[in-house]
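Participant:
Residue numbers (our numbering): 63 to 653.
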């Protein structure tokens, strides 16, 4: 197994392995962080088309503020739980641990309130390894790259008092449908799409273009039909209220629809559907209606979420996992692409008849290009516009009610053809265990993060659990912690890295190996590692072979403290009490 580490004592240092049994660090680093007050680094995307470590294009960023790297103003499901830990912990998250509050969420929210017409400060700095940056010149602030189309970045950015958010593809900005106050758009994926009509009367009609998918503003929210919520999100004075992050539920201030652009026409946004879940038009209640497409496959199937109004009031909308199915009409010369939308129901209905009380949000995150039949992933011979294709979707669901005294997030897999839905880590090792998915590749390898070994203490009115990156094989239903794969190949005395959040994985590079990029920590030595002290945030990359994954038995391989009560090499895992210091919670944010 090859390990590559991209280290940022700033922007990044690149480390990678020279052989299968030891970690070889490249030195000097590619770059160092000159401003130690920043947070991160975090990895946000990479080119997934090749597993060649030396040529993989990777996008990373650092933050000005200490918000979670998962927060997205255009996707309230990422933050609408707010803080459910012990009140002292939540106060510290909000106010920060420093006297100037520079590491708290309040200063982050205050900056958002200055986005339009105020003294907004760019909250991120982006870098691309192995590829030249190509971003729209008008998006000067807070650029985030969400995908890499080979060496072309896909994402969104901000310009103070002009665009609170505008998506981009390379150096082209993506114009939203509704442009008042600059409008709002985001981009999350791009791919060459081929969709062929199944209508016998339309033989030979196909749609073959590169699509960029994300979201676009379509109008103001219904509450007052004006920019009131926009101002409450982006242009108002702070209240210093940690319980709802200063009315963050008013964000993003627009009704948004899942949208797409063609690479040859980035000024014309097209929406997947005019409606939201249950045929809602966006004017039925006080909720802000939001939808997004996170991913699209080469057959034109897209996945994401749409809003269902569950509760009355401004914050009553909830995300519901959605799949968008393509259809081609027209003629050979002028083919027309359109979409139908359906909800992926089981992630909510599997919890019982009162699912809307139990489940807060469901979202679909990624979808395979290949179909899964008879235990094999295969590439489609023809990309026909039928909804009964055996693509595999991965997504997340979040709980509105505590599960075993914890507000859990669980990842799921969904077979588009059969409807089979799995929850690989549900109640594993206990009810209320957390897992979150970020990507699936075309061989069915799924990556994300879950509770680290031994992390079982309640989080509701308690404290956060340490997270650890995982890989899950859809075909054989096996999983492994990346930490264990790493520790398995080196001596205990050399262990110093933890993989916390796996963000992206490549497809097979034709030699049955795959590259994974992840957020992580460098503990410098094994004693620091065992005691979780003295760490520096880093970006890590691991190349692993299919044979190694097949042979691995998911047993614990990493060194532990003497008083930890789970053992290496397959021993039972019991309770591990989180160290009673709230500052540990900040370790994934602070340098």
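Even for Gly, the Cβ is constructed at its ideal location relative to N, Cα and C.
Grab the span of the alpha helix (DSSP H) containing residue 593 for me, first residue to last.
Facilitator: In the chain shown, the residue the question calls residue 593 occupies position 531. Where residue 593 is concerned, the enclosing alpha helix (DSSP H) stretches over 588-593.
Participant: Using only CA atoms, which one of 449, 295, 459 lies nearest to residue 407?
Facilitator: Stepping through the chain shown from its first residue, residue 407 is reached at position 345. If we check each option's Cα against that of residue 407, 459 comes out closest.
Participant: Along the beta strand (DSSP E) that carries residue 100, what are the first and last residues, could you check?
Facilitator: Here residue 100 corresponds to residue number 38 of the chain shown, with the count starting at 1. It is not in any beta strand (DSSP E) - residue 100 carries neither H nor E in the DSSP assignment.
Participant: Exposed or buried, residue 599, counting other C-beta atoms within 10 Å across all chains shown (16 or more means buried)?
Facilitator: By 1-based counting over the chain shown, the position of residue 599 is 537. Its Cβ being crowded by 16 or more others within 10 Å, residue 599 is buried.
Participant: Is it buried or exposed for residue 305, if we count other Cβ within 10 angstroms and need 16 for buried?
Facilitator: Along the chain shown, one-based indexing puts residue 305 at 243. When all chains shown are included, residue 305 counts as exposed.
Participant: Quick check for students: name the residue ranges of the alpha helix (DSSP H) that lie wholly in the segment 272-355, counting only runs of 4 or more.
Facilitator: You should have 290-296.
Participant: Starting from the C-beta of residue 132, find all residues in its chain whose C-beta is less than 6 angstroms away, skip the five residues before and the five after it, and write them out in chain order.
Facilitator: Here residue 132 is taken as the residue at index 70 of the chain shown, counted from 1. The answer, listed in chain order, is 140.
Participant: Once the 5 residues before and after residue 461 are set aside, which same chain residues still bring their CB inside 7 angstroms of it?
Facilitator: By one-based count along the chain shown, residue 461 stands at place 399. These residues qualify, in order along the chain: 420, 421, 422, 469, 470.
Participant: Could you check whether residue 395 and residue 425 sit closer than 7 angstroms to each other, using their CB atoms as the reference points?
Facilitator: Mapped onto the chain shown, residue 425 falls at position 363. Mapped onto the chain shown, residue 395 falls at position 333. Not closer than 7 angstroms, so no.
Participant: Among 325, 335, 604, 223, which one has its Cα closest to the Cα of residue 178?
Facilitator: Residue 178 sits at position 116 when you count from the first residue of the chain shown. Measuring from the Cα of residue 178, the nearest candidate turns out to be 223.
Participant: Could you give the first and the last residue of the continuous beta strand (DSSP E) run that contains residue 397?
Facilitator: For the purposes of this step, residue 397 is taken as residue 335 along the chain shown, with counting starting at 1. It spans 397-405 - the beta strand (DSSP E) in which residue 397 sits, taken as one unbroken run.
Participant: Which of the three DSSP states is assigned to residue 374 in this structure?
Facilitator: Reading the chain shown from its first residue, position 312 is the one you call residue 374. Coil.
Participant: Between which residues of its own chain and residue 543 is the CB-CB distance below 6 angstroms, once the five residues before and five after are set aside?
Facilitator: As a first step, residue 543 is located in the chain shown; it is residue number 481 there, counting from the start. Counting only Cβ-Cβ distances below 6 angstroms, and skipping sequence neighbours, we find 530, 532.
Participant: To the nearest angstrom, how far is the alpha carbon of residue 39 from that of residue 148?
Facilitator: Residue 39 is absent from the structure shown; the chain starts at 63 and stops at 653.
Participant: How long is the line joining the alpha carbons of residue 379 and residue 339, rounded to whole angstroms?
Facilitator: Counted from its first residue, the chain shown places residue 379 at position 317. Counted from its first residue, the chain shown places residue 339 at position 277. Roughly 11 angstroms separates the two Cα atoms.
Participant: Excluding sequence positions up to five away, which residues of its chain have a Cβ less than 6 angstroms from the Cβ of residue 464?
Facilitator: Position 402 of the chain shown, counted from the first residue, corresponds to residue 464. If we look at residue 464 and ignore the five residues flanking it on each side, its Cβ neighbours are 522.
Participant: Going by beta carbon distance, what residues of the same chain come within less than 6 angstroms of residue 494, once the five residues before and after it are set aside?
Facilitator: Taking the chain shown and counting its residues from 1, the one referred to as residue 494 is at position 432. Excluding residues within five positions, the ones whose Cβ falls inside 6 angstroms are 465, 466, 468, 470.
Participant: Is the segment 502-510 touching the segment 555-562 in the sense that three or more CB pairs, one from each, lie closer than 8 angstroms?
Facilitator: At 8 angstroms Cβ cutoff, the stretches do not touch.
Participant: Would you kindly check if the distance between the Cβ of residue 328 and the Cβ of residue 253 is under 7 angstroms?
Facilitator: Numbered from 1 along the chain shown, position 191 holds the residue referred to as residue 253. Numbered from 1 along the chain shown, position 266 holds the residue referred to as residue 328. No, the Cβ-Cβ distance between residue 253 and residue 328 is not below 7 angstroms.
Participant: Would you mind sorting residue 106 into buried or exposed? The rule is 16 or more other CB atoms within 10 Å of its CB.
Facilitator: For the purposes of this step, residue 106 is taken as the residue at position 44 of the chain shown. Result: buried.
Participant: Excluding five sequence neighbours on each side, which residues of the same chain lie with their C-beta closer than 6 angstroms to the C-beta of residue 632?
Facilitator: Counted from its first residue, the chain shown places residue 632 at position 570. With a pLDDT of only 34 at residue 632, under 50, the local geometry of the prediction cannot be trusted, and no value is derived from it.
Participant: Along the chain, which unbroken stretches of the alpha helix (DSSP H) at least 4 residues long are found entirely within the segment 541-599?
Facilitator: Runs found: 544-550, 588-593.
Participant: CA-CA distance, residue 565 and residue 358?
Facilitator: For the purposes of this step, residue 565 is identified with residue 503 of the chain shown, where counting begins at 1. For the purposes of this step, residue 358 is identified with residue 296 of the chain shown, where counting begins at 1. Their Cα atoms are separated by approximately 17 angstroms.
Participant: Residue 135 to residue 553, Cα distance in whole Å?
Facilitator: Numbered from 1 along the chain shown, position 73 holds the residue referred to as residue 135. Numbered from 1 along the chain shown, position 491 holds the residue referred to as residue 553. When rounded, the distance between both Cα atoms is 43 angstroms.
Participant: Which two residues bound the contiguous alpha helix (DSSP H) that contains residue 411?
Facilitator: Locating residue 411 in the chain shown gives position 349, where the first residue counts as 1. 408-411 is the span of the alpha helix (DSSP H), which, as asked, contains residue 411.
Participant: Which residues bound the beta strand (DSSP E) around residue 459?
Facilitator: The sequence position of residue 459 within the chain shown is 397, counting from 1. Here the beta strand (DSSP E) through residue 459 covers 454-461.
Participant: Measuring only the C-alpha atoms, how far is residue 401 from residue 388?
Facilitator: Here residue 401 is taken as the residue at index 339 of the chain shown, counted from 1. Here residue 388 is taken as the residue at index 326 of the chain shown, counted from 1. Between residue 401 and residue 388, the C-alpha separation is close to 5 angstroms.
Participant: Just tell me which of 130, 570, 143 has its CA closest to the CA of residue 381.
Facilitator: By one-based count along the chain shown, residue 381 stands at place 319. It is 143 whose Cα lies nearest to the Cα of residue 381.
Participant: Under the assumption that residue 204 contacts residue 184 (Cβ atoms under 8 angstroms), give the Cβ distance between them as a whole number of angstroms.
Facilitator: For the purposes of this step, residue 204 is taken as residue 142 along the chain shown, with counting starting at 1. For the purposes of this step, residue 184 is taken as residue 122 along the chain shown, with counting starting at 1. Going by Cβ atoms, the distance from residue 204 to residue 184 rounds to 5 angstroms, so yes, they are a contact pair.
Participant: Does DSSP classify residue 441 as helix, strand or coil?
Facilitator: In the chain shown, residue 441 corresponds to position 379, counting from 1. Looking at residue 441 - three-state DSSP - the assignment turns out to be coil, as it is neither helix nor strand.
Participant: I need the straight-line Cα distance from residue 337 to residue 274, nearest angstrom please.
Facilitator: The count along the chain shown starts at 1 and reaches residue 337 at position 275. The count along the chain shown starts at 1 and reaches residue 274 at position 212. Computed Cα separation, rounded: 20 angstroms.
Participant: Just tell me which of 128, 152, 595 has its CA closest to the CA of residue 169.
Facilitator: Position 107 of the chain shown, counting from 1, holds the residue named residue 169. Of 128, 152, 595, the residue nearest in Cα terms is 128.
Participant: Secondary structure at residue 487, three-state DSSP: helix, strand or coil?
Facilitator: Here residue 487 refers to the residue found at position 425 when the chain shown is read from its first residue. Residue 487 falls in the coil class under three-state DSSP.
Participant: Looking only at C-alpha atoms, which of 415, 475, 154 sits nearest to residue 428?
Facilitator: On the chain shown, position 366 is the one that residue 428 refers to. Comparing Cα positions, the closest option is 475.
Participant: Considering only the alpha carbon of each residue, which of 296, 364, 281, 501 lies closest to residue 318?
Facilitator: Here residue 318 corresponds to residue number 256 of the chain shown, with the count starting at 1. That would be 281, whose Cα lies nearest to the Cα of residue 318.
Participant: How long is the line joining the alpha carbons of residue 260 and residue 268, rounded to whole angstroms?
Facilitator: Here residue 260 corresponds to residue number 198 of the chain shown, with the count starting at 1. Here residue 268 corresponds to residue number 206 of the chain shown, with the count starting at 1. Distance between the alpha carbons of residue 260 and residue 268 is about 10 angstroms.
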